[in-house]
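As structure tokens, the structure follows; a few thoughts come after it.
Numbering (the numbering used here), first residue to last: 51 to 292.
Next comes the structure, spelled out in structure tokens:
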């Protein structure tokens, strides 16, 4: 009984002390209200602005993250397109696809300009290092061969636009003379095999290191013939489109 009475007394004292402290705080608040209310309002205003700024920042961050996820997924989807899907594209769709691959690899100011009066340029832009870029796109049947005069035309277009790098992209192969001409004149020649690498994730600039290679030896050409038919030695062949 004595212990219970002691506990009740201690609890009563703590309650009384709390009430006394609260009353004192209220008295002080009333007494000094005129002096502290500007600070309280300022604190509330700063808190509200901070909360609003944080909310805007978070909303912007969520939108940016969603946009980045969409771009990554779109790049992966684009990179996983098969060459059969590329073969089914129209000439304009192929140009758009090449422009998208350039953007994926960090090129800027990329725009498709192909069409009548394009002066030999289908895509223009800048490489990630700032150099200007001109691209000629030829979505031909796999039984066609790119001749040297196509590369000479692109070299003239490079001079016309003052581009630093010229790129020739095709869904077929280059003749031996055209590939030699490309390498000798600093033109990046992306034939079907290199296009497959680029289409599946290889960076555009990495293809510069293998320019002039990849069309294979006699065994490779024999497999090409079995798959697509014998590649012709000139341009005088029917083509699907540009």
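Built from N, CA and C at the ideal position, the CB exists for glycine as well.
Identify every residue that forms a DSSP beta bridge with residue i.
i           : result
residue 219 : 187, 240
residue 163 : For residue 163, which the question treats as bridged, DSSP gives no partner whatsoever.
residue 173 : 162, 185
residue 196 : 224
Rounded to a whole number of angstroms, what is the C-alpha to C-alpha distance between residue i and residue j?
i           : j           : result
residue 255 : residue 160 : 15 Å
residue 246 : residue 145 : 15 Å
residue 197 : residue 154 : 29 Å
residue 243 : residue 158 : 25 Å
residue 114 : residue 151 : 21 Å
residue 95  : residue 109 : 21 Å
residue 258 : residue 106 : 44 Å
residue 261 : residue 112 : 41 Å
residue 219 : residue 227 : 16 Å
residue 265 : residue 102 : 60 Å
residue 238 : residue 116 : 35 Å
residue 97  : residue 172 : 55 Å
residue 207 : residue 104 : 51 Å
residue 156 : residue 91  : 49 Å
residue 204 : residue 185 : 8 Å
residue 221 : residue 241 : 6 Å
residue 200 : residue 211 : 17 Å
residue 181 : residue 194 : 31 Å
residue 133 : residue 147 : 12 Å
residue 252 : residue 163 : 24 Å
residue 135 : residue 250 : 13 Å
residue 209 : residue 229 : 19 Å
residue 263 : residue 183 : 21 Å
residue 248 : residue 202 : 24 Å
How would you call residue i, buried or exposed, if buried means at least 16 neighbouring beta carbons within 10 angstroms?
i           : result
residue 284 : Confidence in residue 284 is poor, its pLDDT being 34 and thus under 50, which makes the residue's placement unreliable; the coordinate value appears in the next sentence. Exposed: under 16 other Cβ atoms inside 10 Å.
residue 225 : buried
residue 62  : exposed
residue 295 : A question about residue 295 goes unanswered here, because the residues of the chain that appear run from 51 up to 292.
residue 100 : exposed
residue 235 : exposed
residue 169 : exposed
residue 64  : exposed
residue 93  : exposed
residue 149 : buried
residue 223 : buried
Is residue i helix, strand or coil by DSSP?
i           : result
residue 109 : helix
residue 289 : Low per-residue confidence applies at residue 289: pLDDT is 43, beneath 50, and the placement is therefore not dependable, though the value from the model is reported in the following sentence. Residue state, collapsed to three classes: coil.
residue 142 : helix
residue 214 : coil
residue 155 : coil
residue 137 : helix
residue 179 : coil
residue 263 : coil
residue 95  : helix
residue 251 : coil
residue 65  : helix
**Request:** Determine, using beta-carbon pairs with one atom in the segment 184–195 and one in the segment 133–152, whether at least three such pairs fall under 8 Å.
**Result:** yes
**Asked** Three or more C-beta pairs closer than 8 Å, one from the segment 177–186 and one from the segment 204–219: is that the case here?
**Response** yes
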